[in-house]
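Student: One structure is given below, represented as structure tokens, and several questions about it will come after.
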Amino acid sequence: MRKPALICIALVFVVSPGTVAAQSSGVQRISNFASGTAGWQSVRIDKKVPATTFTAKNIQGVPAIQAYARKSMALFTRPVTVNLAKTPILCWRWRVNDVVRTANIANKSGDDQAARIYIGLDLPNSAISLGTRAKLALARTRGGNAIPDGAINYVWDNRFPVGTARNNVFTKQAKIIVAQSGAAQAGQWVNERHNLAADIQKQFKTSKARVTSIALSSDTDNSGETVTAAFADIHLVAANGKCQYR
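Quick note on numbering: the sequence shown equals residues -5 to 240 in the numbering used here.
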């Protein structure tokens, strides 16, 4: 099933009230699923596509959000405010029961992932072409002003090697970075640490981007497969700081 134009243009969409403010302690917590999901909201993008379900669960002793995707697509999202100068490193842990076996991020018909973390961005005009600005303006007339200028997508892929970075097949404003690949670590919690500020600079050629949102997803609307993923301990730390998994 082809993704609707709104997803093709932006991929991240925020309707939740409130933000997570940057903290001065050198650590900014984005999620605390042990205490609940306040500030997060499930967003169904296309009413014709079944929605991935998101459930708070304790998985192998880790308080997490579990995403269950069966021929489905949805986002579990919240707005955030981040000081990338102080906390440029994005940390999280995730777990999948399997990869999406028939997915292929190089094809529009294969744009599915067992697990994704989307970072929505506000970009300076110098980082957006006139044509892209026009497309974004059109999308916002349909989907609202919360649609971001661009996005970094960290994905658990099925075929491309870790470190692969490429444009989303629908829009160059959504950058895909393969953080994990293959099913060798399926069923296990895997810790991640990525220099978000450096990734934004490399992919969008700007140091003036502003993080506006974060979203979690498990996406199988194209492949029709069934997968389960879980996400936990999403936070940012200083450049020389250690990730702090609870």
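Cβ coordinates follow ideal geometry from the N, Cα and C atoms, glycine included.
Note that this is a predicted model, so its numbers are computed, not measured.
1. For Lys276, count neighbouring C-beta atoms within 10 Å of its own C-beta (all shown protein chains included) and say buried if the count is 16 or more, exposed if not.
2. From the DSSP output, read off the bridge partner residues of Pro44.
3. For the pair the segment 112 to 121 and the segment 213 to 233, tell me if three or more CB-CB distances fall below 8 Å.
4. Thinking just about the alpha-carbon of each residue, which of Val156, Ala173, Arg89, Tyr148 is nearest to the one in Val184?
5. Should Gly218 go down as buried or exposed, given a rule of 16 or more other Cβ atoms within 10 Å for buried?
6. What is the C-beta distance between Ala109 and Ser212, in whole angstroms, given that I count them as a contact (C-beta under 8 Å)?
7. For the beta strand (DSSP E) holding Leu69, just list the boundary residues, first then last.
8. Quick one: is Tyr239 buried, meaning 16 or more other Cβ sit within 10 Å of its Cβ, or exposed?
9. For the beta strand (DSSP E) that Ile194 lies in, which residues bound it at each end?
10. Tell me, to the nearest whole angstrom, how far the beta carbon of Ala159 is from that of Lys169; I am working on the premise that it is less than 8 Å.
11. Please list, in chain order, all residues of the same chain as Arg95 whose beta carbon is under 7 Å from its beta carbon, the five residues on each side excluded.
12. Name the residue from Gly30, Lys102, Gly114 whose alpha carbon lies nearest to the alpha carbon of Val56.
13. Have a look at Leu130 and Ile39 and give me their C-alpha separation to the nearest angstrom.
14. Is Asn119 helix, strand or coil when you go by DSSP?
15. Output the distance between the C-alpha atoms of Trp86 and His188, rounded to the nearest integer angstrom.
16. For the segment 170 to 179 against the segment 41 to 57, are there 3 or more C-beta pairs whose distance is under 8 Å?
17. Does the beta-carbon distance from Ile208 to Arg23 come in below 8 Å?
18. Compare the Cα-Cα distances from Gln54 to each of Asn98, Ser201, Asn77, Gly181 and report the closest residue.
Tutor: Working from what's here:
1. Given that the chain is displayed from residue -5 to residue 240, the structure contains no residue 276 and the question cannot be resolved.
2. Pro44 is not bridged to any residue.
3. no
4. Arg89
5. Gly218 comes out exposed.
6. 6 Å
7. 69 to 73
8. Tyr239 should be labelled exposed.
9. Per DSSP, Ile194 belongs to no beta strand (DSSP E); it is in the alpha helix (DSSP H), 190 to 198.
10. 7 Å
11. Asn152, Glu219
12. The shortest C-alpha to C-alpha distance from Val56 to any of Gly30, Lys102, Gly114 is the one to Gly30.
13. 16 Å
14. In this structure, Asn119 counts as helix in the three-state DSSP scheme.
15. Approximately 9 Å, taken between the alpha carbons.
16. no
17. no
18. Gly181
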